[in-house]
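Going by this note's numbering, the first residue of the sequence shown is number 1113, and it counts up by one from there.
Encoded as structure tokens, the structure appears first; notes follow it.
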Amino acid sequence: MKPVSILPTVPHVAEVEDGKYKIQSSLSEKNLEIFGEGSLDNGGLLSQWANNGYNNQVFEVQNTTEGSYIISNESKKVLDISSYSSGSQVIQITKDTVASQKIKIIKNPSKNGVYSIISGGGLALDVQSPDNGSRIVLKNVTGLDYQDFKFLPTGDEPAYPTNVAVSSGIYELISKSNGQAVTSSFDVFNGAKMGFAASNKGSDQKFVIEQLSNKNFKITNFNSNRALMPLYHALVDGGPVVQWFNQDNNPYQEWSLSRNSDGSYSFKNMGSGKFLEASASPVRLYKMQEALILLRILL
1113 MKPVSILPTV PHVAEVEDGK YKIQSSLSEK NLEIFGEGSL DNGGLLSQWA
1163 NNGYNNQVFE VQNTTEGSYI ISNESKKVLD ISSYSSGSQV IQITKDTVAS
1213 QKIKIIKNPS KNGVYSIISG GGLALDVQSP DNGSRIVLKN VTGLDYQDFK
1263 FLPTGDEPAY PTNVAVSSGI YELISKSNGQ AVTSSFDVFN GAKMGFAASN
1313 KGSDQKFVIE QLSNKNFKIT NFNSNRALMP LYHALVDGGP VVQWFNQDNN
1363 PYQEWSLSRN SDGSYSFKNM GSGKFLEASA SPVRLYKMQE ALILLRILL
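Structure follows, in structure tokens:
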């Protein structure tokens, strides 16, 4: 008869406790998210974006007791890393028992509170650039900041910064109040007032947001190639926002952008000191902004 071992079984100690987290890149200080404002679809891509308060930046971490984790998004789908090729993108998909959904979270012993996220194939999640919308891909393990992440329990994440840099690109400007897009109505002339219409991603609803060397922004209508500014440099409340040919070093064509705690943005005109008010046509400027703007990146 063989003797029965009385040695105790040593349980696996989880690097990260079960719970809901925002997963922040140490390199960019941006949060991982499923691209597309919370895509619910299989195949939704893992990317990064500045902290914005949306559920697509919330992930639930579950320990499998065997040294790996299941990481699910608020979409109820889980991260899946089925590729063994460096450079492959990370997606979300319906939960299953396959090995590609079992991910390792390994603490970096030389960096406080920093972890690497490793696939079953031994590749690490890697941030390609510090920009909003940058995709998260798989790379060989390097131990560099590109592959370092912090797990921030929801409720403990950093406060929303103000006067943040929005990556230069083409955006829709969506009113949080009425859900409609700011539009030039295809007018190409100086002085044309900005209004609202149902979002259709037409060229009249696309705006190029460009950060200037002084950290302010110029906002140019894609269709007319004219910049937003207050009519006649209006300093009074209620002055309409119009388009005008681009002028360098004109403070009335410059805006500061501040992100609010709900993910919306405030647009302050640097010439008048007033805020873009997005509630009804035409778009106007007021001393205090109540109807805020949501930015939807198009390109």
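Even for Gly, the Cβ is constructed at its ideal location relative to N, Cα and C.
All of these numbers come straight from a predicted model, not from anything done at the bench.
Item: Sub-7 Å separation of GLU1186 and ASN1163 beta-carbons; Value: no
Item: PRO1363 (DSSP reduced to helix, strand or coil); Value: helix
Item: Those residues which DSSP pairs with PHE1308 across a bridge; Value: VAL1294
Item: Beta-carbon proximity of SER1140 to VAL1239, cut-off 7 Å; Value: yes
Item: Rounded C-alpha distance that separates ASN1335 from ILE1215; Value: 46 Å
Item: Span separating the alpha-carbon of GLY1232 from that of GLY1255; Value: 17 Å
Item: Bounding residues of the beta strand (DSSP E) (the contiguous stretch that carries THR1332); Value: 1329 to 1333
Item: Burial state of VAL1414 (16 or more Cβ within 10 Å); Value: For the chain, the structure presents residues 1113 to 1411; residue 1414 sits outside this window and is missing.
Item: ALA1211, buried or exposed, once every other Cβ within 10 Å from all chains shown has been counted against 16; Value: exposed
Item: Entirely enclosed beta strand (DSSP E) segments - the stretch 1229 to 1270, minimum 3 residues; Value: 1235 to 1239, 1248 to 1252 and 1261 to 1265
Item: GLY1234 versus ILE1183 - alpha carbon distance; Value: 17 Å
Item: SER1393 - DSSP class collapsed to helix/strand/coil; Value: coil
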